[in-house]
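>
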Amino acid sequence: MKARYYKDSSILDAKDRQQQSYGWASIVAGIALLKKGTRHIIGDGKSIRLGLDNVVDSHPPRPLHIEERYKDLSLDNLFHYNGSSTSWDDSKIQQYVNPSDHDYIRRFYLSKIRKPDKLIWNYNTNGEYTVRSGYWFLTHDPYDDTPPINRPHGSPELKTKIWNLPIMPKLKHFIWRALSGALATKERLTTRGMRIDPTCPRCHSFNESINHALFTCLFATMAWRLADVTLFRNLQMSDSIAENINHILTLLQHKTITDFQKLLPYWLLWRIWKARNNVVFNNFRESPTNTALRSQA
C-alpha cells in the first residue's frame with residue numbers, strides 16, 4: 036500500500052489518488068481526522084516542518100504561522116547550538132516566523148537531550164488515539180463544516196420487535212443497524228463527509244442506500260427470488276427499508292409456514308450484506324444463487 040499510495044511521504048501526508056480503491060478512500064478520510072488532532076512534541080526539531088506540522092497546543096492544534104516559502108523548512112533551523120545546549124535563535128525566529136507567534140514559540144521548552152520529535156494525539160492525556168477521543172474531536176471541531184452526524188433513525192417500535200426475535204444476537208444487531216442507518220453503504224458514507232462515488236458497486240445504476248443494498252439492487256432482488264422466501268416471491272420491494280423489514284416480521288404471524296421459512300429472511304439479509312462487502316473489500320463477486328444457498332445452510 037505504501038508503494039502505491041504514499042511512496043515518498045508519510046502516511047499523514049497521503050492524499051486521494053486517481054483510480055484509488057474504496058478502502059484507500061476510507062483511509063484518507065480517517066487520516067484527515069488524525070492529522071487535525073495530532074501535535075508534535077519538539078525534540079531535535081529535525082522531523083517537524085515549520086509551517087506544515089502541528090506544534091501549537093490549541094484547539095485544534097496548528098502549525099506555526101510561517102511565510103509560504105519557508106513552510107517546508109525543518110524546525111531545527113530556529114535552533115541555536117552552543118556545545119551540548121540548545122536554545123532558540125531570535126534572529127531566525129524573526130526571519131522565518133510570523134510576529135504573532137514570536138512570543139509563543141519562545142515558550143516552547145527545548146530539552147537538553149536531543150531526542151527525536153514525538154507525534155502525539157492531542158485529545159488524550161497519554162497522547163494515544165482512542166475511538167472515544169477521536170469521536171469527541173470529530174463532534175467538537177470548531178472548524179468542521181461538514182454536515183452533523185444525525186442520530187440513528189428508524190422506528191423504535193420496529194427495533195423493539197427486532198430485539199425480541201428468536202435469532203442470533205449478531206443478526207439482531209445487524210438488522211438494528213440497518214434500520215438505524217448505521218451500515219456503511221456508499222450513500223451513508225457520503226452523508227458523513229467522505230468524498231466517494233455513492234453509486235452501488237454491484238449494479239452501478241443507483242446510489243447505494245442501505246435499502247438498495249439489501250432489497251432493491253438487482254443482485255439483492257435476484258437473491259430474494261432464488262431463496263424462494265415465502266410471501267416475497269411476487270412482492271415489489273418498497274423504497275423504504277422499514278416497510279421491507281416490517282413485511283419480513285409479518286411472516287412470524289403465519290401459521291402455515293415453518294420456523295425455518297420464518298427465519299430465513301434474516302439470514303438472507305446477512306448473506307446479501309456479506310456478499311456486498313466481498314465486492315467492496317475483496318473484489319470478489321459471489322453469484323445471487325450462491326448467496327441464496329448459503330443463507331439456507
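Under the numbering used here, the first residue of the sequence shown is numbered 36, with each subsequent residue one higher. Glycine included, C-beta positions come from ideal geometry on N, C-alpha and C. Owing to the predicted nature of the structure, the values given are computational and were not obtained by experimental measurement.
#1: By Cβ distance, which residues of its chain are closer than 7 Å to Arg-97, with the 5 residues on each side in sequence left out?
#2: Since Asp-79 and Asp-124 are thought to touch, with beta carbons under 8 Å apart, how far apart are those beta carbons, to the nearest angstrom?
#3: Measure the C-alpha to C-alpha separation of His-247 and Ile-283 and round it to an integer number of angstroms.
#4: Let me make sure I understand the geometry here. Which of Ile-140, His-289, Ile-148 has the alpha-carbon closest to that of Tyr-116?
#5: Could you work out which residue in Ile-292, Ala-262, Ser-146, His-75 is closest to His-330 when comparing CA atoms only?
#6: I need the DSSP call for Ser-215, collapsed to helix, strand or coil.
#7: How many whole angstroms separate the CB atoms of Lys-221 and Glu-243, which I take to be in contact at a CB cut-off of 8 Å?
#8: Does the beta-carbon distance from Trp-302 to Leu-249 come in below 8 Å?
#9: Where does Asn-313 fall in DSSP's three states?
#10: Counting only beta-carbon separations shorter than 8 Å, does Ile-292 have a partner in chain B?
#11: For the ligand ZN, any of its heavy atoms closer than 7 Å to the Cβ of Tyr-164?
#12: Could you say which of Ile-128, Leu-108, Tyr-131, Asn-159 lies nearest to His-94 if we only look at CA atoms?
#13: Is the region 56-68 touching the region 129-140, taking contact as three or more C-beta pairs under 8 Å?
The answer reads as follows:
#1: The residue labelled residue 97 in the question sits at position 62 within the sequence shown. Result list for Arg-97: Asn-89, Val-91, in chain order.
#2: The residue given as residue 79 occupies position 44 in the sequence shown. The residue given as residue 124 occupies position 89 in the sequence shown. Rounded, the Cβ-Cβ distance is 15 Å, inconsistent with contact.
#3: Mapped onto the sequence shown, residue 247 falls at position 212. Mapped onto the sequence shown, residue 283 falls at position 248. One C-alpha to the other measures close to 16 Å.
#4: On the sequence shown, position 81 is the one that residue 116 refers to. It is Ile-148 whose Cα lies nearest to the Cα of Tyr-116.
#5: Position 295 of the sequence shown, counted from the first residue, corresponds to residue 330. At residue 330 the sequence reads Ser, which differs from the His that was named. Answer by Cα proximity: Ala-262.
#6: Working through the sequence shown from its first residue, we reach residue 215 at position 180. Reduced to three states, the DSSP call for Ser-215 is coil.
#7: Taking the first residue of the sequence shown as 1, we reach residue 221 at position 186. Taking the first residue of the sequence shown as 1, we reach residue 243 at position 208. The pair is a contact, with the Cβ atoms about 4 Å apart (cut-off 8 Å).
#8: Translated into positions along the sequence shown, residue 302 becomes position 267. Translated into positions along the sequence shown, residue 249 becomes position 214. Not closer than 8 Å, so no.
#9: In the sequence shown, counting from the first residue as 1, residue 313 sits at position 278. Helix, per DSSP.
#10: Annotation note: the requested chain B is absent from the structure, which comprises a single protein chain.
#11: With respect to the ligand ZN, the structure shown offers nothing to examine, as it has no ligands at all.
#12: Along the sequence shown, one-based indexing puts residue 94 at 59. Measuring from the Cα of His-94, the nearest candidate turns out to be Asn-159.
#13: no
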